[in-house]
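Notes to accompany the following structure.
Number of protein chains: 2
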Amino acid sequence: MTTSWPAAVRIVEVGPRDGLQNEPFPLPVAARVELIRRLVGAGLKSVEAGAFVSPKRVPQMDGSAAVLARVLADPPPPTGATAGAVAGVVAGAVDYPVLVPNLQGFEAALAAGAQTVAVFAAASETFSRRNINCSIAESLVRFRAVAGAARAAGVKLRGYVSCVAGCPYEGAVAPRAVAGVAAALRALGCDEISLGDTIGTGNPDSIRRMLEAVLREVPAERLAGHYHDTYGMAVANVYASLELGLTVFDAAVGGLGGCPYAPGAAGNVATEELVWLFGGLGIATGVDLEALVDTAVWISTRLGRAPASRVARAVLARRQHR
Amino acid sequence: MTTSWPAAVRIVEVGPRDGLQNEPFPLPVAARVELIRRLVGAGLKSVEAGAFVSPKRVPQMDGSAAVLARVLADPPPPTGATAGAVAGVVAGAVDYPVLVPNLQGFEAALAAGAQTVAVFAAASETFSRRNINCSIAESLVRFRAVAGAARAAGVKLRGYVSCVAGCPYEGAVAPRAVAGVAAALRALGCDEISLGDTIGTGNPDSIRRMLEAVLREVPAERLAGHYHDTYGMAVANVYASLELGLTVFDAAVGGLGGCPYAPGAAGNVATEELVWLFGGLGIATGVDLEALVDTAVWISTRLGRAPASRVARAVLARRQHR
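From first to last, the protein sequence lines stand for chains A and B. Mapped onto UniProt numbering, the consecutive letters of the first sequence carry residue numbers 1 to 322. Mapped onto UniProt numbering, the consecutive letters of the second sequence carry residue numbers 1 to 322.
In structure tokens form, the structure reads like this:
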């Protein structure tokens, strides 16, 4: 089985949103802006900047409009240390998606300058009801309005599907349920659909079966793999997805975040782990690993702990050993 | 690519040796005996019990004769909590390999009752010289004497090859170098050859290339994958090895140990991660995950920290959440 890999993949850095949203304490706007600036400095070209959701329900995302506006008003330049790694990247080429739950959220995001917005559906009915308080079908109706408004405004649309491998309420989720929601999001006009293993119970076999079902509905170039490392399977799941043709992967610097259904468990797969994996496979990411580890240390320190990723620990250990 | 998995795999628990050997502080004999007893209680059937090496060089393994003798004199019964998971396991069926560097070590191991001994070679010349103070060829001559004595005594022989993907001194290691050493160990009479990614720099592609070379010399049923999780690649590497027909994998409870070449980095892949992976793939291990996590917590607490594995963190989080 000799696999021919793509020359490059794109990492969507979700630390400032999916990561921080699942950290116990909210960070102020200035710290979130600084995190995004550092991530762009390390070479990341897609950095999820926030969520236009209820600050009562998700206090961690309060002030997302200010975060986005500040980042857009003063685009972070590539840092000196990583200029080589991000050569050719100009401010305008960096994308800052934000989550919007509905038309109201979309309008606030548009006012803040959003160029890409993301809607979030689930592949599990119970999760959909508990997470966004409506059925899957109702959420798709709601997103249709967002999609129309986004198209009219020339804003790109990303769609999330959560619980693609398992649901905290329903257990295993059928691949055809995921495929159905992915197809519906594509039909709504989503440019990219991110498949989220929200509770990290997927393994390379179940992720593969899920992807095979989704790929019958949506081509690989429209898909992103979004895997949580709750049970340490995320890197293997990314590798399996790469074998099926996916070239976009979501990850969070320092393995930020956690699992609301298992507080204390690991969060998103660490961006460092993916940069290391792709580097070893000879696939370009444009990300400077050393600058990324610096960023993982910076944000983890800000949160009062050490970076959760294996790669950050190893890189730090090597630095100290020298 | 539909893969047909084996019904069962064997996990060789190396925590009490490879794990503890790379922890900064030595544990007393009684604690090591207790660890082994708990591991057997959780259902592990191959538990590396110690190393008959210089206690000056490796103080963590001092007293290995006493550890082995105590475990053999009073074989741990399966615990009540896990009796179901280990049904059919009788004391005699559990194997306790110990490391021996030379004939003198072998004789001490034999006197302590060893039924399986392991010799350790390297695929990198520089590593061989720095680790065991002789060339690869010289080490094989030394092991020939051990192999002869083991055969004469009816003792099983395991062979380790370290640096199968990378060497801390030489960088990348050629697959044919690994294949050559593996073939030599097989020719000496090793019943099983464990391929060690000592510094964890392997990825699914490089591990696959290495295995393809080794499999031209040694059949899969004689091989074990021994991967360190320094850069978070170990689970993906195990999965890739499974695809190539390997059915024996080394792991350490709680992700014990570390990397002497990067102090602070992660150690062996955690046994919990592999039990979770194989469980998800429908492959039996005979190991009770809850009892294993209890053991990970027990030994990690003994070492003054939390378990390093994602699975232990998630299982503990779920327990607390209930």
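Just so you know, even glycine gets a beta-carbon here, dropped at the ideal spot from N, CA and C.
Tell me whether residue i sits in a helix, a strand or coil according to DSSP, three-state version.
i             : result
Asn268/B      : strand
Ile193/B      : strand
Gly113/A      : coil
Asp205/A      : helix
Tyr169/A      : coil
Gly19/A       : helix
Ile199/B      : coil
Ala312/A      : helix
Glu217/B      : coil
Arg302/A      : helix
Phe278/A      : helix
Leu103/A      : helix
Val89/A       : Reliability fails at Val89/A, whose pLDDT of 39 lies under 50, so the model's placement of it is uncertain and the value that follows must be treated cautiously. Coil, per DSSP.
Phe25/A       : coil
residue 326/A : Outside the displayed span of chain A (1 to 322) sits residue 326/A, for which this structure offers no information.
Ile36/B       : helix
Ile283/B      : coil
Arg142/A      : helix
Ser128/A      : helix
Val164/B      : coil
Alpha carbon to alpha carbon, how far is residue j from residue i? Give it in angstroms, no decimals.
i        : j        : result
Glu243/B : Ala291/B : 28 Å
Ala31/A  : Val14/A  : 15 Å
Leu281/B : Ala7/B   : 10 Å
Glu272/A : Arg38/B  : 35 Å
Ala109/B : Pro260/B : 25 Å
Arg158/B : Asp294/B : 29 Å
Val40/A  : Val12/A  : 11 Å
Ala147/B : Gly43/B  : 29 Å
Ala317/B : Gly255/A : 17 Å
Leu35/A  : Val315/A : 20 Å
Ala66/A  : Val94/A  : 18 Å
Thr285/B : Pro16/B  : 19 Å
Asp62/A  : His228/B : 41 Å
Leu185/B : Leu215/B : 14 Å
Cys167/B : Cys134/B : 16 Å
Tyr239/B : Ala69/A  : 44 Å
Phe143/A : Lys156/A : 13 Å
Thr247/A : His226/A : 12 Å
Trp5/A   : Ala137/B : 38 Å
Relative to the C-alpha of residue i, which candidate in the options has its C-alpha closest?
i             : options                                : result
Ala149/B      : Thr271/B, Gly255/B, Val117/B, Ser4/B   : Val117/B
Ala152/B      : Leu316/B, Gly189/B, Asp95/B            : Gly189/B
Asp250/A      : Ala165/A, Val29/A, Val47/A             : Val47/A
residue 374/A : Ala66/B, Gly200/B, Arg17/B, Cys134/B   : Residue 374/A lies beyond the residue range present for chain A, which begins at 1 and ends at 322; the question has no answer from this structure.
Gly171/B      : Asp18/B, Phe25/B, Tyr160/B, Gly202/B   : Gly202/B
Leu72/A       : Pro55/A, Val98/A, Lys56/A              : Val98/A
Arg208/B      : Val178/B, Cys167/B, Gly232/B, Phe106/B : Val178/B
Ser194/A      : Thr230/A, Gly232/A, Pro168/A, Ser241/A : Ser241/A
Ala182/A      : Lys45/A, Glu125/A, Leu223/A, Ser135/A  : Leu223/A
Tyr160/B      : Leu44/B, Gly180/B, Ser309/B, Arg216/B  : Gly180/B
Ala145/A      : Ala165/A, Arg176/A, Asp205/A, Glu107/A : Glu107/A
Asp197/A      : Asn237/A, Val214/A, Asn133/A, Arg216/A : Asn237/A
Ala234/A      : Leu274/A, Pro101/A, Cys134/A           : Leu274/A
Ala266/B      : Pro16/B, Val9/B, Asn22/B, Val155/B     : Asn22/B
Gly154/B      : Val119/B, Ala114/B, Val9/B, Leu289/B   : Ala114/B
Pro76/A       : Phe278/A, Gly257/A, Val58/A, Val33/A   : Val33/A
Phe52/B       : Ala111/B, Ser300/B, Arg322/B           : Ala111/B
For residue i, count the other beta carbons within 10 Å of its own beta carbon; 16 or more makes it buried, fewer makes it exposed. Which is it?
i             : result
Gln320/A      : exposed
Arg305/B      : exposed
residue 323/A : Since the first residue of chain A shown is 1 and the last is 322, residue 323/A is not available in this structure.
Asp18/B       : buried
Asp191/A      : exposed
Ala81/B       : Any reading at Ala81/B must be qualified, since the residue scores a pLDDT of 42, below 50, and its modelled position is unreliable; the value itself is stated next. Exposed.
Ala85/A       : The predicted position of Ala85/A is uncertain, since its pLDDT is 44 and thus under 50; a value taken from the coordinates is nonetheless stated next. So Ala85/A ends up on the buried side.
Ala296/B      : buried
Pro263/B      : exposed
Arg130/A      : exposed
Glu217/A      : buried
Asp74/B       : exposed
Pro307/B      : buried
Thr126/A      : exposed
Ser54/A       : exposed
query = Taking only runs of the beta strand (DSSP E) that begin and end inside the segment 220-261 of chain A, which ones reach a length of at least 3 residues, in chain order?
reply = 223-227, 248-251
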